[in-house]
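Just so you know, the protein sequences line up as chains F and G, in that order.
The opening residue of the first sequence carries number 1 in my numbering; numbering runs sequentially from there.
The opening residue of the second sequence carries number 1001 in my numbering; numbering runs sequentially from there.
Just so you know, even glycine gets a beta-carbon here, dropped at the ideal spot from N, CA and C.
Since we're looking at a predicted model, the values are computed, not measured.
Working notes, beginning with the structure itself.
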Amino acid sequence: MENKAQIAHRCLLLENKAVTGDWFLLTLQAPLPLQARPGQFVQLRLGPGTDPLLRRPFSIHHEDSIAGRLRLLVRVAGAGTARVAAFVAGQEIDLLGPFGQGFPYPEEKAKALLVGGGIGMAPLYFLAAQRRREGLPFDFLIGGRSAASLPADAYFREHRLEPSLATEDGSRGFRGTVTALLEHRLLTGPQPGRIHACGPLPMLARVAEIGRARGIPTHVSLESRLACAVGACLGCAFPFHRDGAVEYRRVCRDGPVFNGEEVCFES
Amino acid sequence: MKADPRLAVNLAGIAMRNPLIAASGCYGYGFDYAAWVDPAEWGAIVVKGTTLRPRPGNPPPRIVETPSGMLNAIGLQNPGVEYFLETISPRLNALGCPAIVNIAGETIAEYRAVAGLLDGAPGVSGVEVNISCPNVQCGGISFGCDPAVVEELVRQVRGAYRGPLLVKLSPEAGSLTEVARAAERAGADALSLINTIRGMVIDVEARRPVLENLTGGLSGPAIRPVAVRAVWEVAGAVSIPVVGLGGITSAADALQFILAGATAVAVGTANFVEPYAVREIKAGLLGYLAKNGLKHYRELIGAAKT
Ligand SMILES: Cc1cc2nc3c(=O)[nH]c(=O)nc-3n(C[C@H](O)[C@H](O)[C@H](O)COP(=O)(O)OP(=O)(O)OC[C@H]3O[C@@H](n4cnc5c(N)ncnc54)[C@H](O)[C@@H]3O)c2cc1C
Ligand SMILES: Cc1cc2nc3c(=O)[nH]c(=O)nc-3n(C[C@H](O)[C@H](O)[C@H](O)COP(=O)(O)O)c2cc1C
Ligand code: FES
């Protein structure tokens, strides 16, 4: 197996606090470090019983692998995530993972541009913290609707991150979308070695297009509805270009991070 | 691994350490969950539905959750039987438990051809004929509802494949017991039931079905009572063994099927939620035997009183 630490964990929820109106930061104590890589995710059981039945996937927002401490940043999107938001400190959380392929080339010395749209910043935060710790150059761009839809500056200080923010209404940072901010950076700054992105599909499509136009390798983290998360059920398939035809790949196992060039965004 | 003799069973010529089978389409080719459970913990594993030619599968979304269940419309995505024989089946011996190959086709000739290619293939302990897939245009469920068609199809497959032959039935067949008897007459060694039941979920904001395929097959605890009833009816109508499945998550669930007449049980959707399910179900079955002073689970097959 590619990851020996990929097992079940009964974690203790140390803290669950609101970060913005509908984002919650969960801090968990795992019995063993997951030794996750940025871009990997876990599957959370929502409770005992059979309704809701399936686990929900969340990216690893941060792992302190020495302390075995794990963070998830969760946006309330429906009934399942509303349950997660209502978890209370002291509760036992049943999670499986880590799953999936993370962002590639963490060791690369060239500058990386990390581009997050809304809650899509969750896995990029982990990647940014890792690059900061290892002294690898990067810029972290995050987009949101308005000032209040993104965490306060203090949120990022814990891991000495200073992302550049973009808001659509201009109430904080750059006025416009995060892809507009990305284009602005590429026009004014040096060419990065690589772009890593996570966010809504149209945003990822635009980032992949920008990367392709400038010959910058781009990696995007995709979402899909998951069931098994191990590659067995083929429920999470996403279309990709291959030799002029469409081929389905598994978001859970082949991804969730993919080469942006190969993703079939059109369908 | 120490197998408990109280759970050992021979299913239609397939020697199994226990009566638990991983259901087709829910366990890949058997290796995907190996980080949690050794595949050898299963009595047998039924691998993903295999067809004559590769199938790309349906466009997404392919799955959606429902109350205590889920709909899937995978569309039998698989690399085709040739690729299976070249690169997958040679590895199946490493599972440490028998591997059964689930097959499907769009015509009877295709079923026969796939079965013929699997005859004598290394790593393959049996074939399960899926005549009940709700997610493909031709073939699948349309074959599974007419006793005369079922009889002809199974006869053709029987002629091409000499090993243990299971036929997987849909609960949607109007006369389930007649379909079951037709399969038995045509030479099936065992029957599996049930496959998923067709369903639909509509997104009221978008005002369209959630699944790109519009409909999908319902699985999980939601279908369990339908499945137990189907096993009960069929087990009473045929003399070949029945594999019961549909919504099994625990030993208590598995026992319902065994008491209804199932010789073995299969677990699908529950693996997605709890990869350790197989281990918990086995332990629960042994606990039940001990509590009731039984020497072998066989004593419980079809033992429900009426
Ligand atoms: C690999 C991966 C990593 C993820 N990481 C995070 C994370 O770090 N933080 C976070 O907050 N969320 C993350 N998500 C998304 C999160 O898993 C979903 O928001 C959650 O499962 C929704 O569950 P729910 O029951 O609350 O909503 P549901 O009721 O299931 O759905 C809420 C709404 O979203 C729609 N929807 C649900 N799933 C999808 C989908 N795949 N595609 C399109 N529409 C969909 C539904 O139709 C509905 O309108 C991740 C998803 C994946 C696949
Ligand atoms: C994602 C998925 C894929 C499936 N693929 C197949 C298949 O290829 N062939 C088949 O005969 N049954 C297939 N099934 C049906 C299952 O094997 C099983 O009959 C059904 O899900 C009921 O059992 P369960 O409730 O334990 O999942 C599939 C089910 C699911 C959920
Ligand atoms: S969720 Fe089952 S294959 Fe990806």
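task = Would you grab the beta carbon distance between cysteine 1188 of chain G and leucine 1166 of chain G for me? Rounded to a whole angstrom, and I think it's under 8 Å.
result = If you number the second sequence from 1, residue 1188 of chain G lands on position 188. If you number the second sequence from 1, residue 1166 of chain G lands on position 166. At residue 1188 of chain G the sequence reads alanine, which differs from the cysteine that was named. The pair is a contact, with the Cβ atoms about 7 Å apart (cut-off 8 Å).
ask   = Applying the criterion that 16 or more other CB atoms from any shown protein chain within 10 Å of the CB defines a buried residue, is valine 1267 of chain G buried or exposed?
value = The sequence position of residue 1267 of chain G within the second sequence is 267, counting from 1. Sixteen is the threshold: when 16 or more other Cβ atoms of the shown chains lie within 10 Å of the Cβ of valine 1267 of chain G, as they do, the residue is buried.
ask   = Given that isoleucine 1131 of chain G touches chain F, what residues does it touch there, using C-beta distances under 9 Å?
value = As a position in the second sequence, residue 1131 of chain G is number 131, starting the count at 1. Within 9 Å Cβ-Cβ: nothing; isoleucine 1131 of chain G doesn't reach chain F, min ~21 Å.
inquiry  = Residues of the segment 1062 to 1076 of chain G in Cβ contact with chain F at a cutoff of 7 Å, in chain order, please.
reply    = So the list reads Arg1062, Ile1063, Val1064, Glu1065, Pro1067, Ser1068, Gly1069, Met1070, Asn1072, Ile1074, given in the order they occur along the chain.
ask   = Just to check, is the beta-carbon of aspartate 1203 of chain G closer than 8 Å to a non-hydrogen atom of ligand 1?
value = What you label residue 1203 of chain G is simply residue 203 of the second sequence in a count that begins at 1. Under cutoff, so the answer is yes.
key: Per-residue contacts from aspartate 51 of chain F into chain G (C-beta, under 7 Å)   = The count along the first sequence starts at 1 and reaches residue 51 of chain F at position 51. Contact of aspartate 51 of chain F with chain G by beta-carbon distance below 7 Å involves Pro1067, Ser1068.
message = Does the CB of phenylalanine 238 of chain F have a neighbour CB from chain G at under 9 Å?
response = Translated into positions along the first sequence, residue 238 of chain F becomes position 238. For phenylalanine 238 of chain F, the answer is yes, since a Cβ of chain G falls inside 9 Å of its Cβ.
key: 9 Å Cβ cutoff, methionine 1016 of chain G in contact with chain F   = Position 16 of the second sequence, counting from 1, holds the residue named residue 1016 of chain G. No, methionine 1016 of chain G lies away from the interface with chain F (no Cβ there is under 9 Å from its Cβ).
ask   = Does ligand 2 have even one heavy atom less than 8 Å from the beta-carbon of glutamate 107 of chain F?
value = As a position in the first sequence, residue 107 of chain F is number 107, starting the count at 1. Taking the Cβ of glutamate 107 of chain F as the reference point, every heavy atom of ligand 2 lies at 8 Å or farther away.
ask   = Buried or exposed: leucine 130 of chain F, going by 16 or more other Cβ atoms within 10 Å of its Cβ?
value = What you label residue 130 of chain F is simply residue 130 of the first sequence in a count that begins at 1. The residue you asked about is not leucine; residue 130 of chain F is glutamine in the sequence shown. Glutamine 130 of chain F should be labelled buried.
ask   = Looking at alanine 229 of chain F and ligand 5, is the gap between the Cβ and the nearest heavy atom below 8 Å?
value = By its list of ligands, the structure shown excludes ligand 5, since it contains just ligand 1, ligand 2 and ligand 3.
ask   = Which word fits aspartate 1253 of chain G, buried or exposed, when buried means at least 16 other C-beta atoms lie within 10 angstroms of its C-beta?
value = Mapped onto the second sequence, residue 1253 of chain G falls at position 253. When all chains shown are included, aspartate 1253 of chain G counts as buried.
message = Considering Cα atoms alone, identify which of F/Gln29, F/Leu161, F/Gly118, F/Leu44 is closest to aspartate 139 of chain F.
response = What you label residue 139 of chain F is simply residue 139 of the first sequence in a count that begins at 1. Ranking F/Gln29, F/Leu161, F/Gly118, F/Leu44 by Cα distance to aspartate 139 of chain F puts F/Leu161 first.
message = Whole angstroms are fine: how far does the CA of alanine 36 of chain F sit from the CA of alanine 5 of chain F?
response = Position 5 of the first sequence holds residue 5 of chain F. Position 36 of the first sequence holds residue 36 of chain F. Here alanine 5 of chain F scores only 46 on pLDDT, less than 50, and its place in the model should not be relied on; the value that follows carries that caveat. Between alanine 5 of chain F and alanine 36 of chain F, the alpha-carbon positions lie close to 9 Å from each other.
ask   = DSSP state of lysine 1168 of chain G, grouped into three classes?
value = In the second sequence, the residue the question calls residue 1168 of chain G occupies position 168. Lysine 1168 of chain G falls in the strand class under three-state DSSP.
message = Is it buried or exposed, threonine 177 of chain F, if we count other Cβ atoms within 10 angstroms and call 16 or more buried?
response = Within the first sequence, residue 177 of chain F is the residue found at index 177, counting from 1. Buried is the call here.
task = Compute the distance between the beta-carbons of histidine 196 of chain F and phenylalanine 258 of chain F, then report whether it is under 9 Å.
result = As a position in the first sequence, residue 196 of chain F is number 196, starting the count at 1. As a position in the first sequence, residue 258 of chain F is number 258, starting the count at 1. Contact flag unset, no.
Chain-ordered neighbours of glutamate 247 of chain F on chain G, where CB pairs are closer than 8 Å = As a position in the first sequence, residue 247 of chain F is number 247, starting the count at 1. Neighbours of glutamate 247 of chain F on chain G, chain order: Pro1056.
query = Should alanine 1230 of chain G go down as buried or exposed, given a rule of 16 or more other Cβ atoms within 10 Å for buried?
reply = Locating residue 1230 of chain G in the second sequence gives position 230, where the first residue counts as 1. Classification of alanine 1230 of chain G: buried, given that the 10 Å Cβ count is 16 or more.
request  = Leaving out five residues on either side along the sequence, give the residues of the same chain with a beta carbon under 6 Å from the beta carbon of tyrosine 1027 of chain G.
outcome  = Here residue 1027 of chain G refers to the residue found at position 27 of the second sequence. When the five nearest sequence neighbours on each side are left out, the beta carbons in the same chain lying within less than 6 Å of the beta carbon of tyrosine 1027 of chain G are those of Ile1045, in order along the chain.
request  = Select from the segment 1027 to 1047 of chain G all residues with a C-beta closer than 7 Å to any C-beta belonging to chain F, and list them in chain order.
outcome  = If the cut-off is 7 Å between Cβ atoms, the segment 1027 to 1047 of chain G has Tyr1027, Gly1028, Asp1032, Tyr1033, Ala1034, Ala1035, Trp1036 near chain F.
ask   = Which first and last residues belong to the alpha helix (DSSP H) in which valine 1238 of chain G is found?
value = Counted from its first residue, the second sequence places residue 1238 of chain G at position 238. According to the DSSP assignment, valine 1238 of chain G belongs to no alpha helix (DSSP H), since it is labelled neither H nor E.
request  = For valine 1149 of chain G, decide whether its Cβ has a neighbour in chain F, counting only Cβ atoms nearer than 9 Å.
outcome  = On the second sequence, position 149 is the one that residue 1149 of chain G refers to. Judged by the 9 Å Cβ criterion, valine 1149 of chain G is not in contact with chain F.
request  = Give the secondary structure of glutamate 248 of chain F by DSSP, where H, G and I count as helix, E and B as strand, and everything else as coil.
outcome  = Here residue 248 of chain F refers to the residue found at position 248 when the first sequence is read from its first residue. What sits at residue 248 of chain F in the sequence shown is tyrosine, not glutamate. For tyrosine 248 of chain F, the secondary structure class from DSSP, reduced to helix, strand or coil, is strand.
ask   = Where does arginine 1062 of chain G land, buried or exposed, given buried means 16+ other C-beta within 10 angstroms?
value = Position 62 of the second sequence holds residue 1062 of chain G. It counts as buried.
query = Beta-carbon of arginine 83 of chain F versus every beta-carbon of chain G: anything under 9 Å?
reply = Taking the first sequence and counting its residues from 1, one reaches residue 83 of chain F at position 83. No, arginine 83 of chain F does not count as interfacial toward chain G.
request  = Check the Cβ of threonine 1249 of chain G against every Cβ in chain C and list those closer than 8 Å, keeping chain order.
outcome  = Among the protein chains in the structure shown, which are F and G, there is no chain C.
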